[in-house]
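Here's the structure we're looking at; comments come further down.
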Amino acid sequence: MLILMMLMVLLMLIMQLLLRVVLLLLLLLLLLLLLMIMMKSDKQSGRIMKLHILSGGSSRSRSSIKVKVILQGQR
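Numbering of the sequence shown is given in the UniProt record's numbering, commencing with residue 1 and proceeding in unit increments.
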């Protein structure tokens with residue numbers, strides 16, 4: 001009987017650990033999805049910045065915008 005009780009407790013603990021791991025994995029997946037969405041929006045803003053470069057402006061703003069686009073591309 002004691003052995004059965006011990007096995008039941010072990011099973012309970014293992015199940016709790018598995019649930020925690022699964023929940024953590026789900027959270028990580030959600031974070032990855034959010035990051036992907038953010039990257040897509042970053043790329044869109046990068047395109048907008050490129051349009052601004054084409055449209056013109058002062059030389060200083062052009063160079064800073066180019067740097068931002070390059071930094072976003074590396075991510």
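We put the CB at the ideal spot given by N, CA and C, even for glycine.
Just so it is clear, the structure is predicted and the values come from calculations on it, not from any experiment.
Taking only the alpha-carbon atoms, compute the straight-line gap between residue i and residue j and give it to the nearest angstrom.
i, j, result
"L30", "L24", "10 Å"
"I34", "M6", "According to the sequence as given, residue 34 is Leu; it is not Ile. About 42 Å."
"S41", "L32", "14 Å"
Grouping DSSP H, G and I as helix and E and B as strand, with all else coil, what is residue i?
i, result
"M38", "helix"
"M12", "helix"
"M5", "helix"
Below 7 Å CB to CB, which residues in the same chain sit around residue i once its five sequence neighbours on both sides are set aside?
i, result
"V9", "none"
"L4", "none"
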